[in-house]
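Visitor: Have a look at this one.
Residue numbers (our numbering): 15 to 564.
Right under this line is the structure:
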């Protein structure tokens, strides 16, 4: 659910990824809805396109459910797998794990508050009509009429021990504590709009952001003389606080990331990562902190909150969550759901600076390859493997190379013989092919092929030979030319693969008859082609014919 648990600690039992590699992105449309994760690792998130999306862990769509208006609310998942979410069509929805409607409950205004599912399966959620709704698991109200808390509840309820609830009312600025029967225990008027949601510490202290960060005991007193805490620039706090296992409090503001002791004293302020709006921190099992700013998604370490890595999701209002495998999920205002963090890069495309490579025999050329992720950002530290299908024509070095800080690796191709081949550059997830042409270094150009014989007859299970000579326009022999071979009937005839002509410009190919029939064998060198027809017959005397093709 929103902020991970009923107390809104933002604290996960899973360790987040140590790498910022992007796994995938999925277009779900823009919204402030923060994703929730089911026990089967399905990711649920709402959208301004009115849909609740269910995304598989591999980034494919599982299903989507259409409501009648935009969704700002963040989903919550019950112990039975039912997903609860509010919509601006004034309804709270309960959606079965298969994407079908279980029930909906209609309030009197938009539901942007995110539901909290209590220990007794009661669903608590606020509405812009000012009411706090407690809905039973069958879709009926626990208390009717619901308690009115002013107007425009945007905040999401936190639930403490004994089912004590804490929630803020946005426009009238009151912060409420309610008992398990939804009776008001106390309320306090803060000095600014309440867009933040409360979090409850290990000792029961409740924290909420408004004009300052407030800390209240269960009995409605300040939690110490240092509270409330005012940020360095004094602007309001819309980020919802997170609480570490040691009861350190983390939150964001326009002036940066703040870490406070439970006493209200400052532990650290990180003002080098950009401005933070509604983005609320997520804490992993190792104490690392993840938060979004206007400069990107940042992973901060557990000691001095130094930046471990950054991925450029530039949305100061997006709140990250942590999956069981350490993946960090972020729903951004650019309309995409991001899955960030794997042990190795997931390469979507390999781009090269040339679409083909032409080299003179005996010379070299280079290809620069750049790797990109699913968001079209270049990837460093990716191992690329390179090979040429015919090393008779060309060789490539190095055979593998790691991309640099710009996501690039450079490969050198050496032209060994006149001919054509393909350079293959691969990772574990994708590949690309670059055609290579090696031309004659002397400037001689293959003009014709002398193929002997033009018609060959062999007996079944017997063999013969076809010899090919490479000639220029003056019928001068051109040595060291690669000849490619193509066979249109491999069930009747087999023939050796491509070869390079020798010092007298000849290459001989062994042909074997397999079954009675015929095949057309095409020889190609430097874009010039010629054919020889091979017939396979029952054992008898074989006649050979010779011809020159140009």
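For every residue, glycine included, the Cβ atom is placed at its ideal position computed from N, Cα and C.
1) Using three-state DSSP, classify residue 177 as helix, strand or coil.
2) Rank 409, 503, 433, 455 by C-alpha distance to the C-alpha of residue 497 and give the top, closest one.
3) Locate the beta strand (DSSP E) running through residue 306, then write down its first and last residues.
4) Residue 45 and residue 61 look like a contact to me (Cβ under 8 Å); what is the Cβ gap, rounded to whole Å?
5) May I ask which residues mark the beginning and end of the beta strand (DSSP E) holding residue 105?
6) Beta-carbon within less than 6 Å of residue 326's beta-carbon, same chain only, minus the 5 sequence neighbours each way: which residues are those?
7) Please classify residue 30 as buried or exposed, where buried requires at least 16 other C-beta atoms within 10 Å of its C-beta.
8) What separation, rounded to the nearest whole angstrom, lies between the Cα atoms of residue 160 and residue 420?
9) If I measure Cβ to Cβ from residue 333 and keep anything under 6 Å in the same chain, skipping five residues before and after, which residues do I get?
10) Confirm, please, whether the CB-CB distance from residue 263 to residue 249 is below 8 Å.
11) Considering only the beta carbon of each residue, do residue 68 and residue 131 sit closer than 8 Å?
12) Would you kindly work out how many angstroms separate the C-alpha atoms of residue 171 and residue 129, rounded to a whole number?
13) Scan the region 189-226 and note each continuous beta strand (DSSP E) run of 3 residues or more that stays entirely inside, going in chain order.
14) State whether the region 70-87 contacts the region 355-370, with contact taken as three or more CB pairs (one from each stretch) at a distance under 8 Å.
15) Expressed to the nearest angstrom, what Euclidean distance is found between the alpha-carbon atoms of residue 3 and residue 150?
16) Taking the alpha-carbon positions, what's the residue 200 to residue 123 distance?
17) Where does residue 16 sit, in a helix, a strand or coil, going by DSSP?
18) Give me the Cβ distance between residue 397 and residue 380, rounded to the nearest whole Å; I'm assuming they're in contact under 8 Å.
19) Determine the direct distance from the alpha carbon of residue 277 to that of residue 19, and round the result to whole angstroms.
20) Decide if the region 435-455 is in contact with the region 522-534; the criterion is three or more beta carbon pairs, one per stretch, under 8 Å apart.
21) Along the chain, where does the beta strand (DSSP E) containing residue 492 start, and where does it finish?
22) Rounded C-beta distance between residue 495 and residue 484? I'm assuming under 8 Å.
23) Thinking just about the alpha-carbon of each residue, which of 385, 259, 412, 413 is nearest to the one in residue 445?
24) Quick check for students: name the residue ranges of the beta strand (DSSP E) that lie wholly in the region 97-156, counting only runs of 3 or more.
25) Can you list, in chain order, the residues of its chain with a C-beta nearer than 6 Å to that of residue 102? Leave out the 5 residues immediately preceding and following it.
26) Can the beta-carbon of residue 520 be found less than 8 Å from the beta-carbon of residue 481?
27) Do residue 187 and residue 169 have their CB atoms nearer than 8 Å?
28) Between residue 551 and residue 441, is the Cβ-Cβ spacing less than 8 Å?
29) Please report the distance separating the alpha-carbon of residue 225 from that of residue 423.
30) May I ask you to report which of helix, strand or coil DSSP gives residue 434?
31) Short of 7 Å in beta carbon distance, which residues of its chain neighbour residue 382, apart from the five on each side in sequence? Order them along the chain.
Guide: In this structure, then:
1) helix
2) 433
3) 303-307
4) 5 Å
5) 105-109
6) 310
7) buried
8) 57 Å
9) 48, 293, 294
10) no
11) no
12) 7 Å
13) 198-203, 220-223
14) no
15) Here the chain covers residues 15 to 564 and nothing more, so residue 3 does not appear.
16) 25 Å
17) coil
18) Between residue 380 and residue 397 the Cβ distance is about 19 Å, and since that is not below 8 Å, they are no contact.
19) 23 Å
20) no
21) Neither: residue 492 is in no beta strand (DSSP E) and is coded neither H nor E.
22) 4 Å
23) 385
24) 97-100, 105-109, 115-120, 137-140, 146-149
25) 83, 84, 124
26) yes
27) no
28) no
29) 51 Å
30) strand
31) 366, 367, 422, 424
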